Structures are given as structure tokens and as C-alpha cells.
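Protein chains in written order, with our numbering: chain B, 318 to 423; chain S, 318 to 423.
Single-structure report; data block below.
Number of protein chains: 2
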Amino acid sequence: MTLVDIASVPDRILAPGFRARLMHGASLTIMRVQIDAGSHLPRHQHPHEQATTILSGRLQLIVGETLYDMGPGMTVFIPGGSPHQAFAPVATEALDVFTPVREDYR
Amino acid sequence: MTLVDIASVPDRILAPGFRARLMHGASLTIMRVQIDAGSHLPRHQHPHEQATTILSGRLQLIVGETLYDMGPGMTVFIPGGSPHQAFAPVATEALDVFTPVREDYR
């Protein structure tokens with residue numbers, strides 16, 4: 318069992334304006350992301366399946382060629398290996414989940 | 318890709334006072350849970366790894382013999398097959414993640 322208080326997790330800067338805090342289990346990684354208004358996460362991909370849930374704000378996520386304009390309470394599942402990028406027009410908080418664990422971020 | 322608006326997901330009653338909304342990907346299930354103050358989820362177990370994050374309120378989670386008194390921003394990882402139960406002393410919102418998919422809830 319692992320209990321983590323996010324207050325004890327250091328920020329990891331994914332891109333300018335994207336501050337992430339990561340927590341890892343056996344097969345799951347949970348990532349809370351605070352995003353400054355007007356920030357862009359460049360197109361990237363990884364073999365892990367990802368689920369992104371918007372907690373507050375707004376996120377424009379492009380997966381492949383499809384734009385998802387997401388607000389609070391919306392969740393998108395991104396298959397492993399799918400190129401994606403994100404833009405936050407306003408200050409935004411998201412919760413990302415990955416499986417398997419993001420060993421590259423451990 | 319799957320985009321889900323939680324507003325479109327029907328409630329599933331896990332126990333009295335535990336209302337869940339579930340979303341499924343390929344290997345991930347995301348479950349938002351609204352819990353009424355004073356509600357108890359009886360001891361149970363499942364083979365899936367689970368990560369529980371408290372969004373608001375307070376949750377007293379017993380995993381095996383260990384009590385976790387959790388507030389906002391805390392995440393616990395529960396290994397597959399571990400018996401656990403929960404009690405919310407106040408109105409609480411949590412986000413649970415499972416891998417693999419909870420086919421029993423699809």
C-alpha cells in the first residue's frame with residue numbers, strides 16, 4: 318500500500334506553464350497537473366494508455382487529428398501510442414492517469 | 318478514443334450514500350464517487366489495482382488492518398486482492414481508478 322499526500326510531491330515541469338505532480342503504484346501512475354492560462358504542451362506520444370479528467374478550467378486536447386474541447390467533468394481516454402497535444406485557454410487543473418506505470422517519470 | 322461527459326453517465330449505487338459514475342477505456346476504469354456524510358462502504362476486494370484520490374471532504378479507508386484518514390489531495394494505491402472498506406464522516410467526493418477495466422461494472 319502506498320499513501321501519498323500531493324503536498325509532499327515536488328513539481329515536475331512538463332512544459333512552460335504545465336506543473337505536474339506524479340504518484341506511482343504497481344501498474345498505475347496518477348498525475349495532477351496545474352496549467353497556466355495560455356500554456357501549450359507540444360505534441361508527443363507514449364506507449365501508455367492515458368485518461369485525462371478536467372477538474373477545473375478548460376483544455377483543448379488534440380488527439381491524432383481530432384480536437385476535444387474539454388471542461389470540468391469531462392474525461393478522455395487516449396490509447397497508447399496516439400500522438401496528442403494540449404492548450405489551456407484559461408487556468409486549468411487536470412488529473413491524468415496512465416497504465417502501465419510511467420517509469421520514465423518515476 | 319473515447320470522450321465522456323460525466324453529466325451523461327448514470328449513477329450506480331455502490332452502497333447507501335455511495336453514488337458512482339464509471340467510465341471505461343481499454344485498460345483503465347475511472348470512477349467518480351459522491352458520498353453522503355455518515356455513509357459506509359462495506360469491506361470488499363477485487364483483483365484490480367485501485368488508486369483513490371480525495372477531491373473534497375474526508376474518507377477513512379481501512380485497507381487490510383491499516384486505517385488511512387484521507388483528506389483532499391491525498392491518494393492511496395490499493396494492491397489488487399486487498400480487502401478494503403470506507404467511511405465518510407462528511408460529504409466527500411473521490412476519484413477512483415482501476416486497472417484492468419472493471420468488466421463487472423461495464
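Quick reminder that beta carbons are idealized off the backbone N, C-alpha and C, glycines included.
Owing to the predicted nature of the structure, the values given are computational and were not obtained by experimental measurement.
Using alpha carbons as the reference points, say which of Arg360/S, His365/S, Thr383/S, Met387/S lies closest to serine 373/S.
Here the question's residue 373/S lines up with position 56 in the second sequence. Looking at the Cα atoms, Met387/S is the closest of the given residues.
Using a Cβ-Cβ cut-off of 8 Å, state whether serine 344/S counts as contacting chain B.
Working through the second sequence from its first residue, we reach residue 344/S at position 27. Yes, its Cβ sits closer than 8 Å to a Cβ of chain B.
Local conformation of alanine 408/B per DSSP, three classes:
Here the question's residue 408/B lines up with position 91 in the first sequence. Here DSSP, grouped into helix, strand and coil, assigns alanine 408/B to coil.
Can you tell me whether serine 356/B is helix, strand or coil according to DSSP?
Numbered from its first residue, the first sequence carries residue 356/B at position 39. Residue state, collapsed to three classes: strand.
Determine, using beta carbons only, whether alanine 324/S comes closer than 8 Å to chain B.
Here the question's residue 324/S lines up with position 7 in the second sequence. Yes, contact with chain B.
Evaluate the contact criterion for the segment 349-359 of chain S versus the segment 401-420 of chain S: three or more CB pairs, one atom per stretch, below 8 Å.
yes
Given a cut-off of 8 Å, decide if alanine 343/S and glutamate 366/B are closer than it, judged by their beta-carbon atoms.
Working through the first sequence from its first residue, we reach residue 366/B at position 49. Working through the second sequence from its first residue, we reach residue 343/S at position 26. Yes, the Cβ-Cβ distance between glutamate 366/B and alanine 343/S is below 8 Å.
Would you mind giving the Cβ-Cβ distance between leucine 320/S and threonine 416/B, rounded to the nearest angstrom? I have them listed as a contact below 8 Å.
As a position in the second sequence, residue 320/S is number 3, starting the count at 1. As a position in the first sequence, residue 416/B is number 99, starting the count at 1. Contact flag wrong, Cβ pair sits at about 19 Å.
With distances taken from CA atoms, which of Thr383/S, Met340/S, Phe394/S is nearest aspartate 322/B?
Numbered from its first residue, the first sequence carries residue 322/B at position 5. Minimum Cα distance to aspartate 322/B is reached at Phe394/S.
Which residue marks the beginning of the beta strand (DSSP E) containing alanine 332/S, and which one marks its end?
Against the second sequence, residue 332/S aligns to sequence position 15. Where alanine 332/S is concerned, the enclosing beta strand (DSSP E) stretches over 329-332.
Quick check: what's the CA-CA separation for glutamine 402/S versus proline 396/B?
Here residue 402/S corresponds to residue number 85 of the second sequence, with the count starting at 1. Here residue 396/B corresponds to residue number 79 of the first sequence, with the count starting at 1. Using only the alpha carbons, I get a separation of about 32 Å.
Secondary structure at glutamate 420/S, three-state DSSP: helix, strand or coil?
Here residue 420/S is taken as the residue at index 103 of the second sequence, counted from 1. Helix.
What residues from chain B crowd round valine 300/S, counting only those whose CB sits closer than 8 Å?
Summary: the structure shown does not reach residue 300/S, with chain S confined to residues 318 through 423, and so no result is reported for it.
By Cβ distance below 7 Å, which residues in the same chain neighbour leucine 358/B in space, the five residues on each side in sequence not counted?
Start at 1 with the first residue of the first sequence, and residue 358/B comes out as number 41. Only Leu331, Ala332, Phe335, Gln402, Ala403 meet the Cβ criterion.
Name the chain B residues that come within less than 8 Å of glycine 355/S, Cβ to Cβ?
Counted from its first residue, the second sequence places residue 355/S at position 38. Chain B residues near glycine 355/S: none, gap ~23 Å exceeds 8 Å.
Label threonine 383/S either buried or exposed according to how many other C-beta atoms from any shown protein chain fall within 10 Å of its C-beta, with 16 as the threshold for buried.
Counting from one through the second sequence, the residue named residue 383/S turns up at place 66. With a 10 Å radius around the Cβ and a threshold of 16 neighbouring Cβ atoms, threonine 383/S comes out exposed.
Please work out which residues of its chain come closer than 8 Å, Cβ to Cβ, to proline 327/S, disregarding the five sequence neighbours upstream and downstream, and give them in chain order.
Along the second sequence, read from residue 1 onward, the residue named residue 327/S stands at position 10. Once the five neighbours on either side are set aside, the close Cβ partners of proline 327/S are Arg338.
From the DSSP output, which residues share a beta bridge with alanine 403/S?
Sequence index remark: in the second sequence, residue 403/S carries index 86 (1-based). Among the bridge pairs identified by DSSP, alanine 403/S is matched with Leu358/S, Leu378/S.
Within the 8 Å Cβ cut-off, does glycine 390/B reach chain S?
Here residue 390/B corresponds to residue number 73 of the first sequence, with the count starting at 1. So, interface residue.
Cα-Cα, which of Met391/B, Pro400/B, Pro406/B is closest to histidine 363/B?
Within the first sequence, the letter at position 46 stands for residue 363/B. Nearest option by C-alpha distance: Pro400/B.
Taking the Cβ atom as the reference point for each residue, do alanine 405/B and leucine 376/B lie within a distance shorter than 8 Å?
If you number the first sequence from 1, residue 405/B lands on position 88. If you number the first sequence from 1, residue 376/B lands on position 59. Yes, the Cβ-Cβ distance between alanine 405/B and leucine 376/B is below 8 Å.
To the nearest angstrom, how far is the alpha carbon of proline 389/B from that of threonine 370/B?
Start at 1 with the first residue of the first sequence, and residue 389/B comes out as number 72. Start at 1 with the first residue of the first sequence, and residue 370/B comes out as number 53. Each residue's Cα considered, the two are about 8 Å apart.
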